[in-house]
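So in the numbering used here the end of the sequence shown lands on 325, straight run, no missing numbers.
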Amino acid sequence: MKAITIPQPGDADALVLAEVPDPEPAAGEVRIRVAAAGVNRADVMQRRGFYDPPPGSSPYPGLEVSGTVDAVGEGVTRWSVGDEVCALLVGGGYAELVCAPEGQVLPVPAGLALEDAAALPEVACTVWSNVFMTANLLPGQTLLVHGGSSGIGTMAIQLAREVGAHVAVTAGSAEKLEACKDLGAEVLVNYREQDFVEEVRAATGGAGADVILDNMGAKYLARNVDALATNGRLVVIGLQGGTKAEIDLNALLRKRAAVIATSLRARPLAEKATIVAAVREHVWPLVEAGRVRPVVHSRHPLADAPAAHREMEESGHIGKILLLP
C-alpha cells in the first residue's frame, strides 16, 4: 500500500509518500480501506519528532480515518467486510489501509458522506471525554474554548450548545469568530486584541467560566485560573504555548477549582473503547439529526500531505483538514 512515512523528523517536507507492507489485522482488529484521514496537531508534533507513537503501534501519522472494512481479525463480531465506518486510531491513518481495534470503530452516521466522517472520531472523542465525561459540563454553565475555530473547537461549541450550556471562544480573526458564532458561540474574543479573562467575566456577571478547554498549556495557565468560576474545571489538552508555568495554588483553593491535563492517544484500549461507546450513544444521534456536523475546511490528496501540514501550521483554517488516499 501507499502511506505517508517520516524518514527523518523535520518540516512539512519530511512527510514522504512510500510503498510499505499492507497491515494485517490482529485478533480483535478490523482493517479499513481508507477513504479519508483527518489531519491533527498531534500529527504535526509527530512529524517534528516531539510526539512518538506508542511502542508497537504504526509509525505512520494519522489518528482518525473513515473508509470501508476490508478484512477482520480473529474474534471480531461487531463489524463485517463492506461496512462503512470511521475509527479512532493510535496512528497509521495517512495510508490506503489501516488496522484498528474493533472497540474504536464507529459506523458512519446516517446521512453523512463517507469522506466527511473522517473529521469526527478524534474531535468527538476528545471533546466528549474531556468536556463531559471529565469536566461534567452541565446545562446553563459556561464553557470557554480556546481555539474555537479548530476542529476540536467547532465540535466543542456544537456539543455544548446542544446540552444547553453557554459558549465563549477565543480565536485570532473576525472570520474565525464569525464561524464560531454561526455554530452557537455567544462570547467571541479576539485574543490578538482582547483579554479573554475580562471578556468572560463581563459576560458571566463576574462569575467566570465553569469549564475551560485549553490547547495552549503554560502560556495561558495563570489567566485560565483567573478566568475560572468557583468550582471551575480547567482541562488542558494541548501544549502549543509551552509546558512549564507557575500556578497560584491559593487561587485554585479559593475557587475550589481543578486543573486537569489529559491526552487520548496513549490511553489503554479499554478506556478508549468506553469513550467511543459514549460518543456513539450521545454524539452520533445529534449528527444523524443534523444538529451537529463536522466542519471540513479543505481536502488534499494523500501525496500532498506536506501541503496539508503547512496549511495547519499557518492556522488559517476553520474546522478540519482531510487527506484523501
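Every residue gets a Cβ at the ideal spot worked out from N, C-alpha and C, and that includes glycine.
Could you check whether the Cβ of residue i sits closer than 7 Å to any heavy atom belonging to the ligand GDP?
i	result
Val81	The ligand GDP is absent from the structure shown, which contains no ligands of any kind.
So what does DSSP say about residue i, is it helix, strand or coil?
i	result
Gly103	helix
Leu323	strand
Ser57	coil
Gly153	helix
Ser80	coil
Arg33	strand
Thr126	helix
Val231	The sequence shown places Asn at residue 231, not Val. Asn231: strand per DSSP, three-state reduction.
Ala209	strand
Asp22	coil
Leu286	helix
Asp52	coil
Arg161	helix
Asp13	helix
Thr243	coil
Pro121	helix
Val108	coil
For residue i, write down the residues that DSSP places opposite it in a beta bridge.
i	result
Leu88	Glu64
Asp214	Val236
His166	Thr142
Val98	Ile32
His300	Leu323
Val72	Val30
Ala171	Asn190
Gly38	Leu322
Can you find the residues in the same chain that come closer than 7 Å, C-beta to C-beta, to residue i, ignoring five residues on each side of it along the sequence?
i	result
Tyr220	His146, Asp214, Gly241
Ala110	Glu288
Tyr51	Ala42, Met45
Pro25	Arg31, Ala71, Val72, Gly73, Cys99
Leu114	Ala35, Ser66, Glu84, Val108
Ala308	Val39, His300, Ile321, Leu323
Leu112	Val287
Glu178	none
Asp22	Met1, Leu97
Glu162	Leu286, Arg291, Val292
Given residue i, which residues of its chain have a CB within under 6 Å of its CB, disregarding the five upstream and five downstream residues?
i	result
Val197	Arg223, Asp226, Ala227
Ala27	Gly73, Glu74, Gly75
Ala117	Ser66, Cys86, Val108
Leu269	Pro101
Val123	Gly151, Ile152, Met155
Ala168	Leu144, Val187, Val200
Ser58	Gly91, Gly92
Pro55	none
Ser173	none
What first and last residue would you give for the alpha helix (DSSP H) that runs through residue i?
i	result
Asn224	221-227
Leu114	Taken as a continuous stretch (DSSP letters only), Leu114 belongs to no alpha helix (DSSP H), as it is neither H nor E.
Arg41	41-48
Val292	Looking at the DSSP string, Val292 is not in any alpha helix (DSSP H), and its letter there is neither H nor E.
Val197	196-203
Met312	305-314
Glu175	174-183
Arg254	249-255
Just checking my contact of residue i with residue j at CB under 8 Å: how many whole Å lie between their CB atoms?
i	j	result
Leu239	Gly217	4 Å
Arg319	Val292	First, the amino acid is wrong: residue 319 is Gly here, not Arg. Going by Cβ atoms, the distance from Gly319 to Val292 rounds to 13 Å, so no, they are not a contact pair.
Leu302	Ala209	Their Cβ separation, rounded to whole angstroms, is 39 Å, which puts Leu302 and Ala209 out of contact at 8 Å.
Val211	Glu199	The pair is not a contact, with the Cβ atoms about 16 Å apart (cut-off 8 Å).
Tyr94	Ala305	6 Å
Leu63	Gly38	7 Å
Gly140	Ala171	Not confirmed; about 24 Å, so no contact.
Gly148	Ala185	6 Å
Going by DSSP, what residue range makes up the beta strand (DSSP E) through residue i?
i	result
Thr5	2-5
Ala273	No beta strand (DSSP E) contains Ala273, which is instead part of the alpha helix (DSSP H) from 269-282.
Leu17	16-19
Ser190	Residue identity differs from the one stated: residue 190 is Asn in this sequence, not Ser. Counting along the chain, the beta strand (DSSP E) containing Asn190 begins and ends at 187-190.
Ala258	258-261
With a cut-off of 8 Å, does the C-beta of residue i fall near any C-beta of chain B?
i	result
Gly242	Given the protein chain composition of this structure (a single chain), no chain B is represented.
If I measure Cβ to Cβ from residue i and keep anything under 8 Å in the same chain, skipping five residues before and after, which residues do I get?
i	result
Pro7	Ala14, Val16
Trp128	Leu159, Ile275, Ala278, Val279, His282, Val283
Ala207	Thr142, Arg201, Ala229, Thr230
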